[in-house]
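In the numbering used here, the protein residues as written are 1013 to 1298. Glycine included, every Cβ here is placed at the ideal spot set by N, Cα and C. Below: the structure, in C-alpha cells.
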DNA sequence: AGCTACTCCTGGTAGC
DNA sequence: TGCTACCAGGAGTAGC
C-alpha cells in the first residue's frame, strides 16, 4: 500500500515529465475519484492550467497549478490502497482501471489508475484546507526524539493507532508502523504516554531510518498493486523484519513473528523483541 | 478524548 | 472445475 516512501518515489519520478506541461483536456472514467467534484467543475478547473511543481506532503502527491504565472489551485492525489500514477505517451494503449486521465502539452498523458477505487484525484483551490490537517513530516528537521516524546505524552493512546493517525504524524501506514515499532523494540499496544524519553528517541530514529531506507529502494511492493510510475516494483519488501512474516523466525532473535489485530489492522511483531506492555494500574493518572 | 464498528471497492483466494 | 464467501486495507463517519 502506498505510504510515504512509495508516494515520495512516485512524486520524484513524475516530476520531470510533468513540470511545465499544460493540461489540455481531462477524461474522467470514475467520477467518485474526484472526491466530490463534478466532472464539469473538475474539467473547468483543470483545463488550460500548467503544472508549476510536483511535490509530496504526507501520503499526498501535490501538483501545484498556475495560469499566466499566477497560482491556480492544486491537485491532491491520494493513492490509498491500489492507486498508481503514470505519464504515458498519449498514443500508448489505454491502461486497465484508469479512473482519470489528463492530456498534456507535448503529447503525453497523466493517468490515474486505481483498481479498488479508494484513491482520490482532487482539485482544490487551497491546498492548506486539506494538508493543514496533517501532522508533521517525519523526515523534516523538526521531527526528533524530543518532539515525539512530548507529543506521545500529550495523548493517551495505543502506539499503533496513534502512529497511523495522519493528524499526529503524516505519512506512516500499516507497513512502516510495524517495521518502525519492531526496530525501536516497542509493542504496538503500548500506551503512548508511557513511552520513556529514551524509547521515544529510539522510535523517532526507527521511523526516520525505515522511511529513508525504503525511499532508497523505491518503496515496497508487498502485493500486486504498488508499482512506480515506470512500472517497476519497489525493493524494500525484501528488508521487512516483521510485516507479512507471521510464523517465520524473527531475524533478530529467532522467535516466531506474531500477527495480531489492532484497531482492525493486521499487526506484526516479535513477542520477544517487543514485549507486551504491563497493564496500566487502575486509577493511575488524571 | 479515544475507542469500536461500519463504509467504500475489487481481485485474489480459501473452502467446498 | 466452478461456485460462493470472505479478506485486505486508509480514512471518514457515527455512536458510545
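- DSSP places residue 1234 outside any alpha helix (DSSP H), giving it a letter other than H or E.
- Between residue 1073 and residue 1031, the gap from beta carbon to beta carbon reaches 8 Å or more.
- Collapsing the DSSP output to three states places residue 1117 in coil.
- Per DSSP, the unbroken alpha helix (DSSP H) holding residue 1055 starts and ends at 1051 to 1058.
- Using a Cβ distance threshold of 8 Å, residue 1148 and residue 1157 do not count as a contacting pair.
- Under the three-state reduction of DSSP, residue 1077 is assigned to strand.
- For residue 1045, the secondary structure class from DSSP, reduced to helix, strand or coil, is helix.
- Between residue 1019 and residue 1112, the gap from beta carbon to beta carbon reaches 8 Å or more.
- Between residue 1203 and residue 1215, the C-beta spacing is not below 8 Å.
- In the displayed model, residue 1199 falls within coil according to three-state DSSP, outside both helix and strand.
- Residue 1190 counts as buried, since at least 16 other C-beta atoms from the protein chains shown sit within 10 angstroms of its C-beta.
- Taking a cut-off of 8 Å for Cβ pairs, the region 1167 to 1180 and the region 1104 to 1121 do not touch, as fewer than three such pairs fall below it.
- With a cutoff of 8 Å on beta-carbon distance, residue 1174 and residue 1015 are scored as not near each other.
- Between the region 1280 to 1293 and the region 1252 to 1268, the count of Cβ pairs shorter than 8 Å is three or higher; the stretches touch.
- Secondary structure remark: continuous beta strand (DSSP E) runs of at least 3 residues inside the region 1118 to 1205, in chain order: 1120 to 1126 and 1132 to 1136.
- With at least 16 other beta carbons inside 10 angstroms of its own, residue 1230 counts as buried.
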